[in-house]
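Following this note's numbering, the numbering of the sequence shown begins with 10 at its first residue and continues without gaps.
The block underneath contains the structure these notes are about, expressed in structure tokens.
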Amino acid sequence: MGRERIVTGDQVAPDEDLTQYSLRPSSLSEYIGQKELCEKLEVVLEAARGRGEPVEHLLLYGPPGLGKTTLAHIVAREMGTKIISTSGPALQRAGDLMGILTNLNEGDILFIDEIHRLSSVIEEFIYPAMEDFKVDFVVDKGAFAKVINVPLKRFSFIGATTRAGMLSAPLRDRFGLYYHIDFYPPEDLEEIVLRSSGLLDIQIDREAAGIVASRSRGTPRIANRLLRRVRDYAAVKADGKVTAATAAAALEIEGIDSVGLDDLDRKLLETIIKYYNGGPVGIDALGATLNEEVDTLVDMVEPFLLKIGFIQRTRRGRVVSQEAAKHMGLKLLDNGSQGKLF
Ligand code: ADE
Numbered sequence: 010m011g012r013e014r015i016v017t018g019d020q021v022a023p024d025e026d027l028t029q030y031s032l033r034p035s036s037l038s039e040y041i042g043q044k045e046l047c048e049k050l051e052v053v054l055e056a057a058r059g060r061g062e063p064v065e066h067l068l069l070y071g072p073p074g075l076g077k078t079t080l081a082h083i084v085a086r087e088m089g090t091k092i093i094s095t096s097g098p099a100l101q102r103a104g105d106l107m108g109i110l111t112n113l114n115e116g117d118i119l120f121i122d123e124i125h126r127l128s129s130v131i132e133e134f135i136y137p138a139m140e141d142f143k144v145d146f147v148v149d150k151g152a153f154a155k156v157i158n159v160p161l162k163r164f165s166f167i168g169a170t171t172r173a174g175m176l177s178a179p180l181r182d183r184f185g186l187y188y189h190i191d192f193y194p195p196e197d198l199e200e201i202v203l204r205s206s207g208l209l210d211i212q213i214d215r216e217a218a219g220i221v222a223s224r225s226r227g228t229p230r231i232a233n234r235l236l237r238r239v240r241d242y243a244a245v246k247a248d249g250k251v252t253a254a255t256a257a258a259a260l261e262i263e264g265i266d267s268v269g270l271d272d273l274d275r276k277l278l279e280t281i282i283k284y285y286n287g288g289p290v291g292i293d294a295l296g297a298t299l300n301e302e303v304d305t306l307v308d309m310v311e312p313f314l315l316k317i318g319f320i321q322r323t324r325r326g327r328v329v330s331q332e333a334a335k336h337m338g339l340k341l342l343d344n345g346s347q348g349k350l351f
């Protein structure tokens, strides 16, 4: 999706994915942050284990890089079951899913990432699978069409999405559990950076970890990515030890500013301020001006800017705040429309 940015939560190169994987906590006890969510999940898992039943279908919703896939793997591990992972765009035809579903055993977990991108055909195919553990598979066409009813084992479905609003109500309603993952506060990210440093054998002090944490846009995947850049810089420019000064210098070179914004974030803010008088501006117009996919802006760029109050979403489009303009060192013309919620 879009071009590669160091601070997206998006997954990038496969080799980097491997490193991410080794840094992933594999149990709830290792998981840092999202306390409320983890506590609720712990109860649900223990209760399901006590009853000897599969866990209810679970929907995880939140920006990329916050741990939705990690949590799905943790659920599988804590339940002692297998997990089969795929994603919405990868499932094109009902037949693709048919094979996966019929191979699931009792209690297995089917994890589908980006479920807001499931085609409507697949979505409708999934309803009876989720509700009654059966699928209606149509064979042949026209006058010869036959519906074959295939029973399935009782599995658990975990869906992940960055856009809960894009899910159809019938799909959303079929999940028994619905958890939102929010951005992590800097204290939690600091602990994550220290934990990852331990696993990667990086010598880092708490202050330096705090700097990486505070520039990671509330996102563990970004924190781990920045940590590796900082490690490289320390190896080449210092004696391998990561101090606050090396961390700050390394992130500066990467174009990451004091609050964690990168070139694309700043370009977006600058465009709204300079070309659209601070807004409101529609997301399609912004995408065209910035030459970026609208999905990239909506999934990767906007959520954190909204979270820190640098932009607001109004019915007439996006508006930047005075704070954002100040951060950018730009002046916001007072055209009377900024900040008002239409
Ligand atoms: N690595 C990435 N996310 C993490 C988390 N929430 N807890 C511990 N380690 C992590």
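We put the beta carbon where it would ideally sit given N, CA and C, even for glycine.
{"Query": "Let me make sure I understand the geometry here. Which of 231, 254 and 232 has the alpha-carbon closest to that of residue 242?", "Result": "254"}
{"Query": "Would you be able to state if there are at least three C-beta pairs under 8 angstroms between the region 116 to 123 and the region 84 to 93?", "Result": "yes"}
{"Query": "Helix, strand or coil for residue 144, going by three-state DSSP, please let me know.", "Result": "strand"}
{"Query": "Beta carbon of residue 202, beta carbon of residue 236: below 8 angstroms?", "Result": "yes"}
{"Query": "Answer with yes or no whether the minimum CB distance from residue 159 to chain D is below 8 angstroms.", "Result": "Absence of chain D from the displayed structure is noted, only one protein chain being present."}
{"Query": "So is the beta-carbon of residue 32 under 7 angstroms away from any non-hydrogen atom of ligand 3?", "Result": "With respect to small molecules bound, the structure shown includes ligand 1 and not ligand 3."}
{"Query": "Have a look at 223, 217 and 230 and flag the residue whose alpha-carbon is nearest the alpha-carbon of residue 239.", "Result": "217"}
{"Query": "Does the Cβ of residue 152 have 16 or more other Cβ atoms within 10 Å, making it buried, or fewer, making it exposed?", "Result": "exposed"}
{"Query": "Tell me the DSSP secondary structure of residue 165 in three-state form.", "Result": "strand"}
{"Query": "Which runs of the alpha helix (DSSP H), 4 residues or longer, sit entirely within the region 28 to 111?", "Result": "44 to 60, 77 to 88 and 103 to 111"}
{"Query": "Please report the residue range of the alpha helix (DSSP H) in which residue 198 lies.", "Result": "195 to 209"}
{"Query": "Excluding the five sequence neighbours on either side, which residues of its own chain have a C-beta within less than 8 angstroms of the C-beta of residue 149, listed in chain order?", "Result": "155"}
{"Query": "Where residue 145 and residue 100 are concerned, what is the direct C-alpha to C-alpha distance, given to the nearest angstrom?", "Result": "17 angstroms"}
{"Query": "Determine the DSSP secondary structure at residue 231, reduced to helix, strand or coil.", "Result": "helix"}
{"Query": "Just to confirm the assignment, what range does the beta strand (DSSP E) spanning residue 323 have?", "Result": "320 to 323"}
{"Query": "Kindly indicate which residue of 61, 39 and 31 has the alpha-carbon position closest to the one of residue 200.", "Result": "39"}
{"Query": "Got a sec: does ligand 1 put a non-hydrogen atom nearer than 7 angstroms to the Cβ of residue 39?", "Result": "yes"}
{"Query": "Quick check on residue 296: does DSSP put it in helix, strand or coil?", "Result": "helix"}
{"Query": "With a cut-off of 8 angstroms, do at least 3 Cβ pairs link the region 323 to 331 to the region 297 to 305?", "Result": "no"}
{"Query": "Taking the alpha-carbon positions, what's the residue 190 to residue 70 distance?", "Result": "6 angstroms"}
{"Query": "For residue 189, write down the residues that DSSP places opposite it in a beta bridge.", "Result": "70"}
{"Query": "I'd like to confirm the pairing. Which residues does DSSP put opposite residue 160 in its beta bridges?", "Result": "143"}
{"Query": "How many Å lie between residue 183 and residue 124 at the Cα?", "Result": "13 angstroms"}
{"Query": "By alpha-carbon positions, which one of 298, 159 and 291 ends up nearest to residue 320?", "Result": "291"}
{"Query": "Please determine, among 162, 72 and 336, the residue with the shortest C-alpha to C-alpha distance to residue 62.", "Result": "162"}
{"Query": "Tell me whether residue 204 counts as near ligand 1, meaning its Cβ is closer than 7 angstroms to at least one heavy atom of that ligand.", "Result": "yes"}
{"Query": "What is the rounded straight-line gap between the Cα of residue 44 and the Cα of residue 108?", "Result": "37 angstroms"}
{"Query": "Give the straight-line distance between the Cα atoms of residue 102 and residue 172, rounded to the nearest whole angstrom.", "Result": "22 angstroms"}
{"Query": "According to the Cβ coordinates, are residue 198 and residue 68 closer than 8 angstroms?", "Result": "no"}
{"Query": "Just how far apart, CA to CA, sit residue 324 and residue 313?", "Result": "19 angstroms"}
{"Query": "Are there 16 or more other CB atoms within 10 angstroms of the CB of residue 261, so buried, or fewer, so exposed?", "Result": "exposed"}
{"Query": "Among 112, 326 and 309, whose alpha-carbon lies nearest the alpha-carbon of residue 170?", "Result": "309"}
{"Query": "Where DSSP assigns a beta bridge to residue 122, which residues make up the other side?", "Result": "96"}
{"Query": "Distance check for residue 85 and residue 279, CA to CA, integer angstroms please.", "Result": "44 angstroms"}
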